[in-house]
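Peer 1: In this note's numbering, the protein residues as written are 12 to 236. Glycine included, every Cβ here is placed at the ideal spot set by N, Cα and C. A single structure is presented below for examination.
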Amino acid sequence: MPVVVAVQDAVQSVLPPPVIAPAALPLVSPAASALIVRWEVSGPAHYVRRLERPIWPQGASGITWGIGYDGGHATARDIRAAWHAHPEVERLASTAGIVGTRARDALPAYRDIVTRYDYASDVFTAVSLPIYHASARRAFGAGFDSLPPDAAGALVSMVYNRGAAMAGDRNREKRTIRDVCIPAGDLLCIAYELRSMCRLWRGTVNGRGLCDRRDDEARLAENAA
């Protein structure tokens, strides 16, 4: 288990459960929500055919189910809270901290678990979206709330896919969005930086898909009203 996830679990084990109140949190725009669902699972029909059982999306991902819910980058406590009504919640919780090739090797032991689309959609709306919206708000600062909903939603989609870390060369476009684009209210700047992230994946197996997703997010941002 990665050290960060292990520490999170150790701390959370002595804390009371979090109170998740999605209705009190700002909503992600419908267009951004639809974009995330489209890129994570394509839609209900594809989900039923290919994604009702856990997968490993390669790279540094963990065992993933539902609408892009990555167990490897969650704590067991978070998984239990999000998926408490799942009949296999304890097995899902055991995927916490398992990432990369370890997740690939562990996947066969979880492939019998089925998560229906309606339930996955409920968890996405009630749990995942509010969490990632809050993560994007923290990452991009006070100006995030002043963005048009679709522009903010484009950044939520990016964080859903890439995370909210800001340190290092891999995240330089995120820092430019935070420090330059958002304070100026410049939606074209946000779109440019989203597309510029493609430098990270050129020549990789998943490069085309990741660049296409950034382009979709960029279009959402630059056309936001």
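#1: Taking the alpha carbon of residue 160 as the reference point, which residue from 234, 60, 75 has its own alpha carbon closest?
#2: Which residues in the same chain have their Cβ closer than 6 angstroms to the Cβ of residue 228, if we skip the five residues on either side of it in sequence?
#3: Determine the DSSP secondary structure at residue 70, reduced to helix, strand or coil.
#4: In chain order, what residues of the same chain have a beta carbon less than 7 angstroms from the beta carbon of residue 226, not counting five sequence neighbours either side?
#5: With DSSP as the reference, label residue 26 as helix, strand or coil.
#6: Short check: CB of residue 198 to CB of residue 232, under 9 angstroms?
#7: Excluding the 5 residues flanking residue 155 on each side, which residues of the same chain have their C-beta closer than 8 angstroms to its C-beta?
#8: Is residue 86 helix, strand or coil by DSSP?
#9: Going by DSSP in three states, residue 227 sits in which element: helix, strand or coil?
#10: Looking at the structure shown, is residue 75 part of a helix, part of a strand, or coil, going by DSSP?
#11: Over what stretch of residues does the alpha helix (DSSP H) that includes residue 169 continue unbroken?
#12: So is residue 97 buried or exposed if we call it buried at 16+ other beta carbons inside 10 Å?
#13: To the nearest angstrom, how far is it from the Cα of residue 157 to the Cα of residue 60?
#14: Specify the secondary structure class of residue 134 as computed by DSSP and reduced to three states.
#15: So, does the region 76-91 touch the region 176-193, judging by three or more C-beta pairs under 8 angstroms?
#16: Between the region 103-123 and the region 133-148, do at least 3 Cβ pairs fall closer than 8 angstroms?
#17: Check residue 52 in the structure and name its three-state DSSP category.
#18: Give the straight-line distance between the Cα atoms of residue 188 and residue 230, rounded to the nearest whole angstrom.
#19: When DSSP labels each residue in this structure, what does residue 110 get in the three-state scheme?
#20: According to DSSP, what are the bridge partners of residue 128?
Peer 2: Considering the structure as presented:
#1: As a working note, residue 160 is residue 149 in the sequence shown. Selected option, being the one with the closest Cα: 234.
#2: Taking the sequence shown and counting its residues from 1, one reaches residue 228 at position 217. So the list reads 165, 168, 169, 205, once near-sequence residues are dropped.
#3: In the sequence shown, counting from the first residue as 1, residue 70 sits at position 59. Coil at residue 70, not helix or strand.
#4: Along the sequence shown, one-based indexing puts residue 226 at 215. So the qualifying residues of the chain are 206.
#5: Along the sequence shown, read from residue 1 onward, the residue named residue 26 stands at position 15. The pLDDT assigned to residue 26 is 35, lower than 50, so where the model puts this residue is not dependable, and the model offers no usable value.
#6: Counted from its first residue, the sequence shown places residue 198 at position 187. Counted from its first residue, the sequence shown places residue 232 at position 221. Going by C-beta atoms, residue 198 is nearer than 9 angstroms to residue 232.
#7: For the purposes of this step, residue 155 is taken as the residue at position 144 of the sequence shown. Counting only Cβ-Cβ distances below 8 angstroms, and skipping sequence neighbours, we find 147, 148, 163, 166, 193.
#8: Counting from 1 along the sequence shown, the entry for residue 86 is found at position 75. The three-state reading of DSSP puts residue 86 in coil, since its state is none of H, G, I, E or B.
#9: By 1-based counting over the sequence shown, the position of residue 227 is 216. Three-state result, residue 227: helix.
#10: In the sequence shown, the residue the question calls residue 75 occupies position 64. Reduced to three states, the DSSP call for residue 75 is strand.
#11: Taking the first residue of the sequence shown as 1, we reach residue 169 at position 158. Counting along the chain, the alpha helix (DSSP H) containing residue 169 begins and ends at 160-173.
#12: Translated into positions along the sequence shown, residue 97 becomes position 86. Buried, since its Cβ has 16 or more Cβ neighbours within 10 Å.
#13: Residue 157 sits at position 146 when you count from the first residue of the sequence shown. Residue 60 sits at position 49 when you count from the first residue of the sequence shown. Cα-Cα distance, rounded: 40 angstroms.
#14: On the sequence shown, position 123 is the one that residue 134 refers to. Reduced to three states, the DSSP call for residue 134 is helix.
#15: Touching, no, given that fewer than three Cβ pairs across the two stretches are closer than 8 angstroms.
#16: No, the region 103-123 is not in contact with the region 133-148.
#17: In the sequence shown, counting from the first residue as 1, residue 52 sits at position 41. Three-state result, residue 52: helix.
#18: The count along the sequence shown starts at 1 and reaches residue 188 at position 177. The count along the sequence shown starts at 1 and reaches residue 230 at position 219. Cα to Cα, the separation comes out at about 15 angstroms.
#19: Locating residue 110 in the sequence shown gives position 99, counting from the first residue. Here residue 110 sits in strand by DSSP.
#20: As a first step, residue 128 is located in the sequence shown; it is residue number 117 there, counting from the start. Residue 128 pairs with nothing; no bridge assigned.
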